[in-house]
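Before any comments, here is the structure.
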Amino acid sequence: MASDAPAMAVIHGRSPIFYRRFDRKDDDQHQTHYCPGCGHGIVTKLLAEAIDTLGIQDRTILVSPVGCSVFGYEYLDVGNIQVAHGRGPAVATAVKRSRPDSIVVSYQGDGDLAAIGTAEIVHAANRGEIVSVIFVNNAIYGMTGGQMAPTTLLREKTTTTPLGRDPAVHGYPLKVCELLATLDAPVFLERVALGSNKQIMATGRALRRALENQVHGLGFSLVEVLSPCPTIWGLDPAEAQTFVRETMTRTFPLGNFRDRSASAVPRRLAVTVPDLGELPRILGLGPASGADGASDTVVPASPVPTADHRIVVAGFGGQGVLLLGEFLAEAGLSAGYHVSWLPSYGPQMRSGTSNCHVRISAVPIDSPVVSRPNVLIALNEPSLRKFLLSMEPGGLVLYNADRVPVDCAGNDVRITPIASTAIADRLGSAKVGNMVMLGALLEATGMLPDGALDRALHRLVTQESWYELDRAALQAGRAAVHRMTAAPAEPSLARDPAMG
Amino acid sequence: MDVARDRGAVAIDRDECKGCGLCVEACPPRVLRLSAELNRYGYHPAEYLGSGCTACGICYYVCPEPGGITVLRRQVA
Chain A
134 MASDAPAMAV IHGRSPIFYR RFDRKDDDQH QTHYCPGCGH GIVTKLLAEA IDTLGIQDRT
194 ILVSPVGCSV FGYEYLDVGN IQVAHGRGPA VATAVKRSRP DSIVVSYQGD GDLAAIGTAE
254 IVHAANRGEI VSVIFVNNAI YGMTGGQMAP TTLLREKTTT TPLGRDPAVH GYPLKVCELL
314 ATLDAPVFLE RVALGSNKQI MATGRALRRA LENQVHGLGF SLVEVLSPCP TIWGLDPAEA
374 QTFVRETMTR TFPLGNFRDR SASAVPRRLA VTVPDLGELP RILGLGPASG ADGASDTVVP
434 ASPVPTADHR IVVAGFGGQG VLLLGEFLAE AGLSAGYHVS WLPSYGPQMR SGTSNCHVRI
494 SAVPIDSPVV SRPNVLIALN EPSLRKFLLS MEPGGLVLYN ADRVPVDCAG NDVRITPIAS
554 TAIADRLGSA KVGNMVMLGA LLEATGMLPD GALDRALHRL VTQESWYELD RAALQAGRAA
614 VHRMTAAPAE PSLARDPAMG
Chain B
3 MDVARDRGAV AIDRDECKGC GLCVEACPPR VLRLSAELNR YGYHPAEYLG SGCTACGICY
63 YVCPEPGGIT VLRRQVA
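Below you can see the structure in the form of structure tokens.
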């Protein structure tokens, strides 16, 4: 042999798509973790060859599943993401849409794709996502020790079907290619097998086609590979191969179920994110066409750098709880702050409990949830009692009543009673009670400049008649604060001259 | 068989091989077998009989390990 060596050249050897060493535990870093004779090793090898042949190593992103093939990222030197059980097609969708030039391969077993991930694969196929799916079907849950899978053959014994799969109890083997072939969008669906030399070579060609279609932008491709699991099947590798060839293919006939590679129109996903400056126009939030357009030209005031208002507004449905929060957020936004508005309400339109969380902050908001408010607007007593204990010490409470319940006073917060419903009633409509509270809040805290609230009013109030009433309610709320903070024995009805 | 006239040859990484025997089953000229020896993992690795390889490459494709089998072909002078 020695004298012949220079005349021999390697024609088949370890693919450069594999890492030189696998970053796995212990010293077996040159072997896969698969059992002797496992089909996954063969499929992975064929996939590596297809990637190499097409020259797409630097563009390929492999989405690894949960199951025996979870370690795909240990082997193939491409982009890798390992995902939650069954969610490969959803993640592949996201990767492909955000990186349209990548070649995204979702590698999945039958427990992953045909059981927990059935919804994901059906919808990704139905949307015609431009991804390639490799579906390795060995009719069993291998990694977890041999439980029945949706693809388990009839009469096949598994740990969970010890008497054999009975269709009356366990249903029938799920035929994924046939199922997906009922959909309009898929471009390429083919079932192949690892049951013989010839079948293995055909598997290699099908995998290459599935990737090639994606290179050409043709849409959804899936290759189902009938694959041996000698360990769980209790067969030696050669017997398992025979089982694939002679038994599995009777339930899962091989063949092409869809091939529109020639007629499909190449698509290129374009990431169409509008320019930020365009958003107000797209959302119809351009300069108001109302009578008082001048307010829109107001430059937002400089935010107070330390501002961190964490507000809970609570009451019963119909009191304008959510709208009050929306006004606050809108006005905060107009004043140049970061804001969030998080509504929470029951299924009832009226009379159910309702609250919303509003944050107005000089810095970006981490969470819209207000778990420790420094401002509470309680429009009824249950709301006062519910949220009072969560208040930050030193916080401000505005409570819709003439006086504060005796057992609620004395906490480390300032509770100011503002009879907002009664005041609104006197103005002509209980519906503007929320605006009374808003006026009181702004007067008591000065948290937002007047101009900001004017702009919020222009944006959110569409009827002229309500606009006037709302302004009157705001004014009444501001006045009510002064009454409460003045000597109680001498109530004052003085109006704030700033609100002309 | 005359080694000097073989079209190809097979090299097996005996410490990557898990002794599954798929290559032995697949080889058309039947020039592979499982060794009587054990490798460091305790498997009987496949081995080449030393002559008769046609360089068809099928053993490479049926082998589940990335680098278990390397197939060489004689270059035409």
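Which chain is which? The protein sequence lines are A and B, in order. Take the position in the first sequence, starting the count at 1, then add 133; the result is the number in our numbering. Take the position in the second sequence, starting the count at 1, then add 2; the result is the number in our numbering. C-beta atoms are modelled at their ideal positions from N, C-alpha and C, and glycine is treated no differently.
Cutoff 7 Å; reference residue i; Cβ partners in own chain excluding five residues on either side
i: Leu-456/A; result: Asn-567
i: Cys-25/B; result: Leu-34, Ala-48, Cys-61, Val-64, Cys-65, Ile-71
i: Gly-350/A; result: Ile-263, Pro-399, Arg-400, Arg-401
i: Cys-489/A; result: Val-446, Val-454, Leu-455, Gly-458, Trp-474, Leu-475, Pro-476, Ser-477
Given residue i as reference, the closest of the options once Cα atoms are compared
i: Ile-556/A; options: Tyr-532/A, Asp-545/A, Asp-540/A; result: Tyr-532/A
i: Ala-49/B; options: Thr-72/B, Tyr-43/B, Pro-68/B; result: A small correction: the amino acid at residue 49/B is Glu; Ala does not occupy that position in the sequence shown. For Glu-49/B, the nearest C-alpha among the options comes from Thr-72/B.
i: Ala-606/A; options: Met-617/A, Leu-590/A, Leu-522/A; result: Leu-590/A
i: Leu-707/A; options: Ser-553/A, Glu-323/A, Asn-507/A, Thr-165/A; result: The first residue shown for chain A is 134 and the last is 633, placing residue 707/A beyond what the model contains.
i: Ala-552/A; options: Ala-609/A, Leu-593/A, Leu-581/A, Cys-541/A; result: Ala-609/A
i: Ile-493/A; options: Gly-579/A, Ala-252/A, Val-546/A; result: Gly-579/A
i: Leu-466/A; options: Phe-449/A, His-442/A, Val-446/A, Pro-476/A; result: His-442/A
i: Gln-190/A; options: Phe-376/A, Tyr-208/A, Phe-321/A; result: Tyr-208/A
i: Ala-223/A; options: Ala-314/A, Gly-200/A, Ile-249/A, Gly-448/A; result: Ile-249/A
i: Ala-573/A; options: Val-530/A, Pro-501/A, Met-141/A; result: Val-530/A
i: Glu-182/A; options: Gly-54/B, Cys-29/B, Glu-39/B, Pro-68/B; result: Pro-68/B
i: Trp-366/A; options: Pro-550/A, Leu-180/A, Leu-359/A, Phe-376/A; result: Phe-376/A
i: Met-381/A; options: Pro-319/A, Leu-287/A, Gly-417/A, Gly-448/A; result: Leu-287/A
i: Ser-202/A; options: His-173/A, Asp-185/A, Ile-214/A; result: His-173/A
i: Gln-164/A; options: Gly-21/B, Pro-30/B, Gly-59/B, Arg-76/B; result: Gly-21/B
i: Arg-393/A; options: Arg-383/A, Ala-343/A, Asp-535/A, Pro-413/A; result: Ala-343/A
i: Val-176/A; options: Arg-230/A, Gly-146/A, Ile-267/A; result: Ile-267/A
i: Leu-475/A; options: Glu-463/A, Gly-469/A, Ala-468/A; result: Glu-463/A
i: Met-334/A; options: Gly-528/A, Ser-516/A, Lys-178/A; result: Lys-178/A
i: Leu-509/A; options: Pro-497/A, Leu-575/A, Asp-540/A, Ala-563/A; result: Leu-575/A
Beta-bridge partners of residue i, as assigned by DSSP
i: Ala-585/A; result: Note: Ala-585/A sits in no beta bridge, so no partner.
i: Trp-474/A; result: Val-491/A
i: Thr-486/A; result: Phe-449/A
i: Gly-465/A; result: DSSP lists no partner for Gly-465/A.
i: Thr-56/B; result: DSSP, once it has assigned bridges, lists no residue as partnering Thr-56/B.
i: Val-325/A; result: Val-358/A
i: Ile-14/B; result: Ile-71/B
i: Ala-48/B; result: Leu-36/B
Cβ-based neighbour list, residue i, same chain, cut-off 6 Å, excluding 5 preceding and 5 following
i: Cys-168/A; result: Thr-364
i: Gln-332/A; result: Ala-326
i: Asp-243/A; result: Asn-270, Ala-282, Thr-284
i: Gly-221/A; result: Val-196, Pro-198, Ser-239, Gln-241
i: Ala-11/B; result: Cys-55, Leu-74
i: Ala-585/A; result: Ala-464, Ser-467, Ala-468
i: Leu-512/A; result: Gly-448, Gln-452, Asn-533
i: Gly-636/A; result: An answer regarding residue 636/A cannot be provided, because it is not within the stretch 134 to 633 covered by chain A.
i: Gly-261/A; result: Ala-318, Gly-352, Phe-353
Three-state secondary structure assigned by DSSP to residue i
i: Asp-243/A; result: helix
i: Arg-154/A; result: coil
i: Leu-529/A; result: strand
i: Lys-20/B; result: coil
i: Thr-109/A; result: No statement about residue 109/A is possible, as the shown extent of chain A runs from 134 to 633 and does not include it.
i: Asn-41/B; result: coil
i: His-145/A; result: strand
i: Ala-620/A; result: Because the pLDDT at Ala-620/A is just 44, under 50, the model does not fix this residue reliably, and the value given afterwards should be weighed accordingly. Three-state DSSP puts Ala-620/A in coil, outside helix and strand.
i: Phe-385/A; result: coil
i: Arg-401/A; result: coil
i: Ala-440/A; result: coil
i: Arg-7/B; result: helix
i: Ile-254/A; result: helix
i: Ala-613/A; result: helix
i: Val-82/B; result: Since the first and last residues shown for chain B are 3 and 79, residue 82/B lies out of range.
i: Leu-409/A; result: helix
i: Asp-603/A; result: helix
i: Arg-391/A; result: strand
i: Leu-418/A; result: coil
i: Gln-374/A; result: helix
Same chain only: Cβ atoms within 8 Å of residue i, ignoring 5 sequence neighbours per side
i: Thr-285/A; result: Ala-272, Ile-273, Thr-291, Thr-294, Arg-298, His-303, Pro-306
i: Val-78/B; result: none
i: Ala-373/A; result: Gly-170, Pro-361, Cys-362, Pro-363, Trp-366
i: Ala-495/A; result: Pro-436, Val-437, Pro-438, Thr-439, Ala-440, Asp-441, Tyr-470, His-471
i: Val-594/A; result: Tyr-600, Asp-603
Any non-hydrogen atom of the ligand FAD closer than 8 Å to residue i Cβ
i: Thr-56/B; result: Inclusion of the ligand FAD in the displayed structure is not the case, the ligand content being empty and no account of it being possible.
Chain-ordered neighbours of residue i on chain E, where CB pairs are closer than 8 Å
i: Thr-72/B; result: The structure shown contains no chain E; its protein chains are A and B.
For the region 256–323 of chain A, which segments carrying the beta strand (DSSP E) assignment without a break, of at least 3 residues, lie completely within its bounds, in sequence order?
-> Within the region 256–323 of chain A, the complete beta strand (DSSP E) runs of at least 3 residues are 265–270.
3-residue-minimum beta strand (DSSP E) runs that sit fully inside the region 177–252 of chain A, ordered along the chain | Counting whole runs of 3 or more residues, the region 177–252 of chain A contains the beta strand (DSSP E) stretches 193–197, 212–215, 236–242.
Which parts of the region 338–366 of chain A are runs of the alpha helix (DSSP H), unbroken and 4 residues or longer, counting only runs that do not cross its ends?
-> Taking only runs of at least 4 residues, the alpha helix (DSSP H) segments lying wholly in the region 338–366 of chain A are 363–366.
List in chain order: all unbroken alpha helix (DSSP H) runs of 4+ residues lying wholly within the region 503–582 of chain A.
-> Taken in chain order, the complete alpha helix (DSSP H) segments of 4 or more residues contained in the region 503–582 of chain A are 514–521, 553–560, 566–578.
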